[in-house]
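Student:
Numbering (this note's numbering), first residue to last: 15 to 317.
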């Protein structure tokens with residue numbers, strides 16, 4: 015059986031978008047990441063929610079990778095990985111996120127039929143290697159040498175020929191689970207726990223501690239306690255929902271690689287100088303609660 019005998023898993027599902035999508039969770043969501051990366055234009059907004067037109071979908075996996083909330087179910091295109099070497103085939107080009115995960119799964123070499131990479135592969139590998147450098151990881155190397163596996167040895171041409179003919183064999187139906195991804199396998203925080211891929215900034219001068227972000231953040235990146243507003247960015251996937259729903263526009267999200275750094279904004283307990291009610295604020299010099307601060311001068315003065 016050789017190579018084929020170790021190929022075991024056969025799972026294929028139609029792509030679909032679940033209700034965990036930010037546009038399902040809030041009408042204020044502005045996310046269009048899946049739409050932006052779909053080359054087939056198979057994803058459109060219907061009643062402000064993304065819908066996949068399955069007759070157009072090529073199951074390239076780009077939308078799964080782009081989705082910040084892992085709301086798109088499906089299986090990634092098959093990859094050929096032999097002895098921790100990724101073989102370039104005619105399948106869809108992997109995304110940067112997929113290559114970052116593959117690197118952590120042990121893949122170090124990309125084997126090309128051509129002497130050098132070009133087109134989409136060149137772009138995605140260069141971008142991935144740039145990010146790997148920021149993450150303190152060794153970059154992918156490119157090779158066009160023959161790959162040896164166990165007792166079997168194939169020339170480079172034979173391996174590519176083997177893949178090209180695979181549509182007529184069992185090989186196309188099975189791929190080791192280690193090299194096939196679902197939406198939940200592309201969570202970068204699991205593979206790079208010392209880094210965060212997003213920067214979250216809260217403006218204490220405008221934030222009113224309304225707790226909308228605290229309630230809606232599925233990753234629990236924003237926590238408001240009795241004593242502090244804690245921003246834990248390591249698990250943030252940049253869905254932008256917190257920024258979209260913030261009524262004061264006090265939250266800014268940027269995609270940026272940096273070392274893990276939780277931020278604590280101290281909460282001050284105050285008594286309003288107008289209504290005499292206790293309230294919490296991020297501003298040490300505040301004198302009025304939010305309600306009194308937003309009232310027009312003379313509003314309800316007769317009372």
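Even for Gly, the Cβ is constructed at its ideal location relative to N, Cα and C. No experiment lies behind these values; they were computed from the predicted model shown.
1) Considering Cα atoms alone, identify which of 268, 144 and 158 is closest to residue 152.
2) Determine the DSSP secondary structure at residue 84, reduced to helix, strand or coil.
3) Could you give the DSSP three-state label for residue 248: helix, strand or coil?
4) Would you give the residue range spanned by the alpha helix (DSSP H) that residue 38 belongs to?
5) Residue 271 by DSSP, collapsed to three states: which one?
6) What are the residues that DSSP puts in a beta bridge with residue 30?
7) Provide the residue(s) that pair with residue 226 in DSSP beta bridges, ordered along the chain.
8) Using C-beta distances below 7 Å, list every residue in its chain close to residue 131, excluding the 5 sequence neighbours before and after it, in chain order.
9) Within 10 angstroms of its Cβ, does residue 104 collect 16 or more other Cβ (buried), or is it exposed?
10) Cβ of residue 45 within 9 Å of Cβ of residue 82?
11) Would you report the Cα separation of residue 166 and residue 61, rounded to the nearest angstrom?
12) On the three-state DSSP scale, how would you describe residue 254?
13) Please work out which residues of its chain come closer than 6 Å, Cβ to Cβ, to residue 244, disregarding the five sequence neighbours upstream and downstream, and give them in chain order.
14) Residues bridged to residue 280 by DSSP?
15) Kindly confirm or deny that the segment 197-209 and the segment 248-257 touch, where touching means at least three C-beta pairs closer than 8 Å.
16) What first and last residue would you give for the beta strand (DSSP E) that runs through residue 214?
17) Is residue 308 helix, strand or coil by DSSP?
18) Going by DSSP, what residue range makes up the beta strand (DSSP E) through residue 157?
Tutor: The short version:
1) The count along the chain shown starts at 1 and reaches residue 152 at position 138. The option with the nearest alpha carbon to residue 152 is 144.
2) Within the chain shown, residue 84 is the residue found at index 70, counting from 1. It is coil, neither helix nor strand.
3) Stepping through the chain shown from its first residue, residue 248 is reached at position 234. Assigned with DSSP and collapsed to three states, residue 248 falls in coil, not helix or strand.
4) The residue you call residue 38 lines up with position 24 of the chain shown. Element bounds for residue 38: 36-39.
5) In the chain shown, residue 271 corresponds to position 257, counting from 1. It is a strand residue.
6) Translated into positions along the chain shown, residue 30 becomes position 16. Per DSSP, 87.
7) Taking the chain shown and counting its residues from 1, one reaches residue 226 at position 212. According to DSSP, residue 226 bridges with nothing at all.
8) Residue mapping note: residue 131 aligns to position 117 of the chain shown, counting from 1. Taken in chain order, the residues that qualify are 139 and 156.
9) Numbered from 1 along the chain shown, position 90 holds the residue referred to as residue 104. Result: exposed.
10) Stepping through the chain shown from its first residue, residue 45 is reached at position 31. Stepping through the chain shown from its first residue, residue 82 is reached at position 68. In this structure, residue 82 lies closer than 9 Å to residue 45 by Cβ.
11) Residue mapping note: residue 166 aligns to position 152 of the chain shown, counting from 1. Residue mapping note: residue 61 aligns to position 47 of the chain shown, counting from 1. Legend: pLDDT at residue 166 = 46, less than 50; position of this residue unreliable, value from coordinates given subsequently. Computed Cα separation, rounded: 55 Å.
12) Counted from its first residue, the chain shown places residue 254 at position 240. Three-state DSSP puts residue 254 in coil, outside helix and strand.
13) In the chain shown, counting from the first residue as 1, residue 244 sits at position 230. Answer for residue 244: 237 and 278, listed in chain order.
14) By one-based count along the chain shown, residue 280 stands at place 266. DSSP output for residue 280 lists 242 as bridge partner(s).
15) yes
16) Taking the chain shown and counting its residues from 1, the one referred to as residue 214 is at position 200. It spans 209-216 - the beta strand (DSSP E) in which residue 214 sits, taken as one unbroken run.
17) By one-based count along the chain shown, residue 308 stands at place 294. Residue state, collapsed to three classes: helix.
18) Within the chain shown, residue 157 is the residue found at index 143, counting from 1. First-last of the beta strand (DSSP E) with residue 157: 155-157.
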